[in-house]
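Student: Take a look at the following structure, please.
Number of protein chains: 2
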Amino acid sequence: MSVTLKDVAALAGVSRSAVSRTFTEGASVSAKTRSKVEKAAQELGYSPNALASSLTTGRTKLIGLISNNFHNPIFLEVFDQFTRALQERGLRPLIVNLTDETEPANSVRMLRQYSVDAVIVASSTLPPSFAKAFHDAGVPVVHTFGRSATSPEVHVVGIDNVECGRMAARELMARGYKRVGYLGGPKDATSAMDRYRGFMEEVEKYTDLEVSHSFADNYSFEAGRAEMLRLLEGAPADGYFCGDDILSIGALSALSDHGLKPGIDIGIIGLNDMEMSRWESVSLTTIHQPIKQIITSSVDLVEEMLKDPARYPEARIFPCRVIERGTLRPRS
Amino acid sequence: MSVTLKDVAALAGVSRSAVSRTFTEGASVSAKTRSKVEKAAQELGYSPNALASSLTTGRTKLIGLISNNFHNPIFLEVFDQFTRALQERGLRPLIVNLTDETEPANSVRMLRQYSVDAVIVASSTLPPSFAKAFHDAGVPVVHTFGRSATSPEVHVVGIDNVECGRMAARELMARGYKRVGYLGGPKDATSAMDRYRGFMEEVEKYTDLEVSHSFADNYSFEAGRAEMLRLLEGAPADGYFCGDDILSIGALSALSDHGLKPGIDIGIIGLNDMEMSRWESVSLTTIHQPIKQIITSSVDLVEEMLKDPARYPEARIFPCRVIERGTLRPRS
DNA sequence: CGCCGCATTGCAACCGATTGCAAGTTTCGT
DNA sequence: ACGAAACTTGCAATCGGTTGCAATGCGGCG
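What follows is the structure, given as structure tokens:
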């Protein structure tokens with residue numbers, strides 16, 4: 095079928111080893127043999143079989159990329175960045191779509207069958223135990239957007255969600271909101287709970303605040319919208335921290351249904367600063383998360399793990415900052 | 095390092111062949127050996143190395159998934175569908191992000207190195223020659239969202255873009271628009287040109303129309319918005335066919351900047367019917383493209399190619415229909 | 001009881017590459 | 001010109017599995 099090492103060796107009149115060596119960095123081949131081999135390879139249209147070589151080298155350059163969030167537009171940006179960053183380093187993303195599945199067992203088995211060199215868990219909702227399962231199975235793993243910890247069990251790259259919760263609370267208070275609410279992602283999402291914790295921690299320092307909270311079914315426009323519509327049925331707060339931009343945008347849509355103006359009637363602050371939040375018609379005040387750096391850093395970390403698999407687990411936490419646009423009233 | 099066939103064979107006290115056979119469908123093994131092997135495998139946590147076996151079987155179950163569109167939110171839906179459909183069939187998507195690259199040579203070489211069983215080119219902008227390059231290299235390929243043709247050189251699954259152009263034109267005319275415009279994707283995108291062709295074909299049948307056209311830099315919100323802003327500087331048309339929903343949404347944002355109401359001051363019809371188009375604040379009248387069926391059908395086709403690689407190229411074209419929402423005035 | 005046929009099993013070659021080792025060839029200093 | 005050091009090169013084993021083939025064992029039948 096396809097042309098192999100042997101064919102090239104035969105045509106070039108050298109041994110298979112010689113061919114192999116001309117295609118591996120830093121092997122000992124004379125200029126003469128090399129050129130003979132290259133000519134033959136050219137002629138036959140040969141390119142080495144990466145999987146066969148992985149058998150002996152133990153490296154496939156395949157990286158499992160796992161996610162469970164295919165409804166939040168931010169993930170298009172995330173995939174774009176990840177796939178490019180990996181490609182630039184000669185690594186290949188093998189995607190696992192985890193929708194409707196929370197058990198790691200299947201993914202672990204599957205990715206081990208394909209001998210991935212490492213795994214990236216790109217999810218802000220999965221618990222640390224998920225990534226841990228790969229670690230336990232001997233597969234190097236980094237959990238991007240994962241729950242940060244002072245002594246992580248696996249590599250984590252992301253933000254301090256608790257601190258973001260505090261930051262949002264402080265921002266609402268600085269603008270004089272007195273009836274504040276947290277509208278978070280699903281209760282089983284670690285990010286939703288961490289942001290909630292930070293938010294509550296901060297608002298509880300004050301006694302003149304009326305605090306409420308609720309959780310959307312998932313991180314999506316529809317869920318954010320539905321939850322805000324529900325809140326508007328009763329007595330809503332006047333300032334909300336929505337745990338994610340796409341929830342915020344859903345919530346904004348609900349406000350608009352009720353003829354309420356964001357930033358005037360009700361304040362909203364999001365988290366992520368995704369592309370859409372900058373759109374004129376949205377203009378969402380939000381907490382910026384440095385996605386690009388997080389992803390670059392994650393892939394850096396993957397490379398370092400490949401060099402030293404026993405590397406001690408590390409948490410890389412990036413600072414966030416508030417981006418002021420139009421959905422909160424001015425600071426008082 | 096990891097546990098292999100040999101380890102299991104040793105523990106179970108059988109030959110390596112026996113172990114291999116218990117893990118391959120329909121091989122001849124007695125119940126007794128099978129259970130011995132299964133017990134040993136269980137104990138050692140063995141799972142077969144898919145890549146090693148691919149060496150002899152010639153099947154990796156790896157499918158290259160190539161795209162160059164990571165800025166259009168519709169592609170999040172596309173990736174979701176593709177990855178799930180492939181997984182359900184036991185196939186693994188190996189992603190290639192083609193941003194800023196139009197030459198197939200690199201992708202072909204890379205995917206051949208990884209011995210993918212087949213390739214899916216998911217792009218409405220790449221020319222047929224791109225997919226053809228895989229075919230020529232002996233890699234089965236299906237071009238999803240590709241340019242349809244009566245005698246395709248490779249398998250194509252998608253819609254008839256020319257017909258969609260006509261459909262949009264008819265729709266604008268049925269609603270009494272007289273100064274009509276096409277605001278398409280980039281000029282080098284096959285879909286943009288095909289839609290343009292159909293649109294012009296239809297409007298040129300009438301002499302009482304004033305027709306204009308322009309092309310955005312790419313299929314993105316920003317590009318659609320920028321192009322519409324530019325048009326609004328001069329004398330805009332009163333009814334536009336935007337070659338894609340995300341362009342439409344960008345254009346809507348531009349209208350809103352100028353205080354213009356879609357459906358009242360200027361009509362807009364898009365194409366795709368992506369999730370966002372249904373959002374209240376958008377409510378885009380658009381041409382629905384049956385994404386899910388297209389993707390399922392593409393993956394079906396991949397499976398059939400695996401069975402019969404010499405399969406004769408086929409075009410599977412799905413019908414589209416207009417979804418009426420709020421950005422065109424009522425039919426007159 | 002003997003023979004036949006079938007299911008099961010292990011041997012060994014092979015898939016496409018890499019690599020340690022030893023033999024052969026250069027290169028270079030003196 | 002000679003010998004040692006440094007390169008090159010091919011052989012053969014190996015990576016983790018698969019599979020054709022021949023050998024083995026078994027049951028069943030006459």
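Top line first, the protein sequences correspond to chains A and B.
Going by our numbering, the first sequence opens with residue 95, and the numbers climb by one from there.
Going by our numbering, the second sequence opens with residue 95, and the numbers climb by one from there.
The beta carbon of each residue, even a glycine, is placed where N, CA and C say it ideally should be.
At 9 Å on the CB atoms, spell out the chain A contacts of E374 (chain B), in chain order.
Tutor: R319, S347, A348, S350, D351
Student: Kindly confirm or deny that the region 392–403 of chain B and the region 419–426 of chain B touch, where touching means at least three C-beta pairs closer than 8 Å.
Tutor: no
Student: Taking the alpha helix (DSSP H) that N255 (chain B) belongs to, which residues open and close that run?
Tutor: Here the alpha helix (DSSP H) through N255 (chain B) covers 255–268.
Student: Using a Cβ-Cβ cutoff of less than 7 Å, which residues in the same chain neighbour Y208 (chain B) once the five nearest sequence positions on both sides are dropped?
Tutor: L156, L188
Student: What is the rounded straight-line gap between the Cα of V274 (chain A) and the Cα of E296 (chain A)?
Tutor: 12 Å
Student: I'd like the span of the alpha helix (DSSP H) that includes N191 (chain A), first residue to last.
Tutor: Run containing N191 (chain A): none in the alpha helix (DSSP H); it sits in the beta strand (DSSP E), 186–191.
Student: For E304 (chain B), which residues from the same chain have a beta carbon less than 6 Å from its beta carbon, with the 5 sequence-adjacent residues on both sides left out?
Tutor: R273
Student: Which residues in chain A have a C-beta closer than 8 Å to the C-beta of D174 (chain B)? List them in chain order.
Tutor: F164, H165, N191, T193
Student: Rounded C-beta distance between I363 (chain A) and I381 (chain A)? I'm assuming under 8 Å.
Tutor: 7 Å
Student: Kindly indicate if chain A contains any beta-carbon less than 8 Å away from that of Y208 (chain B).
Tutor: yes
Student: Below 8 Å between beta carbons: does that hold for H229 (chain A) and E247 (chain A)?
Tutor: yes
Student: Among A:S306, A:M261, A:A106, A:S96, whose alpha-carbon lies nearest the alpha-carbon of L365 (chain A)?
Tutor: A:M261
Student: Along the chain, where does the alpha helix (DSSP H) that runs through V113 (chain A) open and close?
Tutor: 110–116
Student: At 9 Å on the CB atoms, spell out the chain B contacts of N143 (chain A), in chain order.
Tutor: L149, R206, Q207, Y208, S209
Student: Three or more beta-carbon pairs under 8 Å between the region 119–127 of chain A and the region 164–184 of chain A, yes or no?
Tutor: no
Student: So is S129 (chain B) buried or exposed if we call it buried at 16+ other beta carbons inside 10 Å?
Tutor: Classification for S129 (chain B): exposed.
Student: If we call anything under 8 Å between Cβ atoms a contact, is G279 (chain A) one with F239 (chain A)?
Tutor: no
Student: Would you grab the beta carbon distance between A135 (chain A) and V102 (chain A) for me? Rounded to a whole angstrom, and I think it's under 8 Å.
Tutor: 5 Å
Student: Take Y313 (chain B) as the anchor and find which of B:S218, B:R110, B:F176 has the nearest alpha-carbon.
Tutor: B:S218
Student: Taking only the alpha-carbon atoms, compute the straight-line gap between D174 (chain A) and D339 (chain B) and give it to the nearest angstrom.
Tutor: Between the alpha carbons of D174 (chain A) and D339 (chain B) lies a gap of roughly 20 Å.
Student: Could you confirm whether any beta carbon from chain B is found closer than 8 Å to the beta carbon of M136 (chain A)?
Tutor: Per the sequence shown, residue 136 (chain A) should be read as Gln rather than Met. False, the Cβ-Cβ gap to chain B never drops below 8 Å.
Student: Is there a Cβ of chain B sitting closer than 8 Å to that of L170 (chain A), yes or no?
Tutor: yes
Student: Assess contact between the region 189–198 of chain A and the region 161–175 of chain A, defined as three or more Cβ pairs (one per stretch) separated by less than 8 Å. Is contact present?
Tutor: yes
Student: With a 10 Å radius around its C-beta and 16 neighbouring C-beta atoms as the bar for buried, classify G152 (chain A) as buried or exposed.
Tutor: exposed
Student: Going by alpha carbons, who is nearest to G107 (chain B) out of B:F117, B:K133, B:E119, B:G120?
Tutor: B:K133
Student: State the CB to CB distance for the pair Y276 (chain A) and F335 (chain A), rounded to an integer number of angstroms; the pair is presumed to be in contact (CB under 8 Å).
Tutor: Right, their Cβ atoms sit about 5 Å apart.
Student: Could you say which of B:G120, B:N163, B:L354, B:P222 lies nearest to T244 (chain B) if we only look at CA atoms?
Tutor: B:P222
Student: When DSSP labels each residue in this structure, what does S161 (chain B) get in the three-state scheme?
Tutor: The three-state reading of DSSP puts S161 (chain B) in strand, counting E and B together.
Student: Under the three-state reduction of DSSP, which class applies to T390 (chain B): helix, strand or coil?
Tutor: When DSSP states are grouped into helix, strand and coil, T390 (chain B) belongs to the helix group.
Student: Quickly, what does DSSP pair P356 (chain A) with across the bridge? List them, please.
Tutor: A:I360
Student: Please confirm if T379 (chain A) has its CB atom under 8 Å from at least one CB of chain B.
Tutor: No, its Cβ sits nowhere closer than 8 Å to a Cβ of chain B.
Student: Relative to the alpha-carbon of L99 (chain A), which residue among A:S161, A:I358, A:P142, A:T118 has its alpha-carbon at the smallest distance?
Tutor: A:P142
Student: What span of residues does the alpha helix (DSSP H) with G292 (chain B) cover, start to end?
Tutor: Per DSSP, G292 (chain B) belongs to the alpha helix (DSSP H) from 284–297.
Student: Hey, how far is the Cα of L205 (chain B) from the Cα of E195 (chain B)?
Tutor: In a straight line, the C-alpha of L205 (chain B) is about 15 Å away from that of E195 (chain B).
Student: Are L346 (chain A) and P356 (chain A) touching if we call contact CB-CB under 8 Å?
Tutor: yes
Student: List, in chain order, every chain A residue whose beta-carbon is nearer than 9 Å to that of F239 (chain B).
Tutor: For F239 (chain B), no chain A residue has a Cβ inside 9 Å of its Cβ, as the nearest lies near 16 Å away.
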